[in-house]
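All letters in the sequence shown, in the order written, are residues 185 to 381 by the working numbering.
Virtual Cβ for every residue (Gly too), placed ideally from N, Cα, C.
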Amino acid sequence: MIEYVRGGIAELSPATAVIDCNGVGYAVNISLNTYAAIQGKKECKLYIYEAIREDAYVLYGFADKQERELFLLLISVSGIGGNTARMILSALSPAELTNVISTENANLLKTVKGIGLKTAQRVIVDLKDKIKTSGIAAGTAGTALVAANSQVQEEAIAALTMLGFVQAPSQKVVLSILKEEPDAAVEQVIKLALKRL
């Protein structure tokens, strides 16, 4: 089993990376989070998950072990394959995803392309306890901070949604503002979010 590949980045797009390891190019499927982490670098190390099927041999790569851990949890849910799990990890950062699952926010999860309400609820039901016991939630930067600000976060997102902004980008912006300014009031968060959206 391949644990990781390390080498020069021969080609890079938001969905795939070709890593040159001593003359052999490995085509690896990546999420947008991993793309953002390795973009602009000449070399990288990607933690690998191998999906071996009758008709294909596919590599999925992750910039850190935590994202791979979440990917493995996602594909353990009935109805979620590698590409859907990668789509979820592209729409939400590991910190956001653990927060969505631990706060049972099915509405935000179903904003991800290809995820319906039933699938979102199944992900939450199947993974809520696993995330707590695996320690991913504890190791996620900003999760405790987000939990402390959940009231401000919810109010700000609700207000932005009422103003006509899409929920997923609104949540991303609100979360990033709360990471920078944890003590910000709802009005301040909304004002800052309006400038960024």
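- V309 is the residue among A368, V309, N291, D367 whose C-alpha sits nearest the C-alpha of S260.
- Here A342 is actually not in contact with V358; their C-beta atoms are around 10 Å apart, not less than 8 Å.
- Around the beta carbon of E251, a 10 Å sphere encloses 16 or more other beta carbons of the protein chains shown; the residue is thus reported as buried.
- If you draw a straight line from the Cα of E238 to the Cα of G224, it comes to about 35 Å.
- Here K249 is not near R190, since their CB atoms are 9 Å or more apart.
- Nearest Cα to Y188 within the set I361, F246, V336: F246.
- The residue from S215, V202, A201, A235 with its alpha-carbon nearest to that of M185 is A235.
- Taking C-alpha positions only, I222 is separated from A199 by approximately 12 Å.
- Of the residues Y233, V202, L381, the one whose Cα lies closest to the Cα of Q355 is L381.
- Taken atom to atom, the span from the alpha-carbon of G300 to that of L362 is near 28 Å.
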